[in-house]
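Numbering (the working numbering), first residue to last: 16 to 259.
Every residue gets a Cβ at the ideal spot worked out from N, C-alpha and C, and that includes glycine.
The structure appears below as structure tokens.
Right, dumping it as structure tokens:
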């Protein structure tokens with residue numbers, strides 16, 4: 016590149032969309048929205064959302080169940096898409112009923128599967144979807160060694176999930192799952208180029224570039240030859256896949 020040419024600027028960071036609730040605030044949410052008394056609470060790893068592992072007991076005389084839950088506070092961007100969150104929640108409930116090991120929502124005190132909470136973040140006012148999900152004990156895929164049997168089991172589970180949804184699940188808002196530039200959709204791998212700047216001078220930068228380039232050259236032209244999963248990557252890829 017000649018000295019007169021300008022280097023392309025990296026994309027500007029998005030406004031803060033990940034919730035930043037404190038443990039005290041999270042405890043209050045569980046008490047106020049779901050009517051449960053928190054005995055223990057700890058933060059869990061997350062991407063755009065905020066998750067807490069909650070051990071809770073019911074208030075005397077309420078008839079509510081006690082146990083372990085995950086308090087999931089959806090990021091500000093997805094929280095604006097109530098149709099998306101509604102369909103995702105209904106899919107979780109449906110698949111649980113079909114025998115898949117998926118979390119299900121604990122109802123709010125007024126009988127709903129989620130609550131909309133508006134808070135002042137100090138910079139602006141944001142609204143977040145809050146759900147309390149059943150806790151599934153087990154190991155996440157990230158903690159397991161990458162072996163052929165593990166990869167086979169993951170692929171088999173993904174196929175069963177997609178097949179069950181494609182054959183049995185119906186919902187009037189199902190189209191909300193189809194987001195054009197959803198970066199967790201493998202067909203959108205080339206979109207990751209604009210995030211390469213985040214790697215800085217990482218030792219993995221060249222390898223990541225090569226993977227994206229090879230995908231664009233060798234896979235994108237042949238995408239039409241592959242049968243795409245109808246639902247799995249849209250719903251499960253980021254937040255629901257747990258290897259038990």
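Query	Result
Proximity winner among 197, 220, 106, 87, relative to residue 144 (alpha-carbon distances)	87
Range covered by the alpha helix (DSSP H) that runs through residue 133	From DSSP, residue 133 is part of no alpha helix (DSSP H) but of the beta strand (DSSP E) over 130-135.
Residue 155 burial status per 10 Å Cβ neighbour count (16 or more: buried)	exposed
Whole-number beta carbon distance between residue 67 and residue 121, since they are thought to touch under 8 Å	Not a contact, Cβ separation roughly 13 Å.
Neighbourhood of residue 94 by C-beta, 6 Å cutoff - its chain only, sequence neighbours within 5 removed	142, 143, 144
Distance between residue 167 and residue 173 (C-alpha atoms, nearest Å)	10 Å
Boundaries (first-last residue) of the beta strand (DSSP E) holding residue 87	82-88
C-alpha distance - residue 151 paired with residue 118, whole-angstrom precision	7 Å
Whether residue 38 touches residue 51 by CB criterion (8 Å)	no
Option nearest residue 226 by Cα separation, candidates 125, 92, 176, 203	203
Where residue 157 falls, given that 16 or more other Cβ within 10 Å makes a residue buried	exposed
Spatial distance of residue 161 from residue 139 (CA atoms)	42 Å
Beta-carbon proximity list for residue 124, same chain, < 6 Å, skipping 5 on both sides	50
C-beta contact flag for residue 109 and residue 184 at 8 Å	yes
Inter-residue Cα distance where the pair is residue 131 and residue 163	42 Å
Expected contact under 8 Å - CB spacing of residue 91 and residue 81 to nearest Å	The pair is not a contact, with the Cβ atoms about 31 Å apart (cut-off 8 Å).
Closest Cα partner of residue 133 within the set 34, 188, 206, 102	34
Whole-number beta carbon distance between residue 102 and residue 188, since they are thought to touch under 8 Å	5 Å
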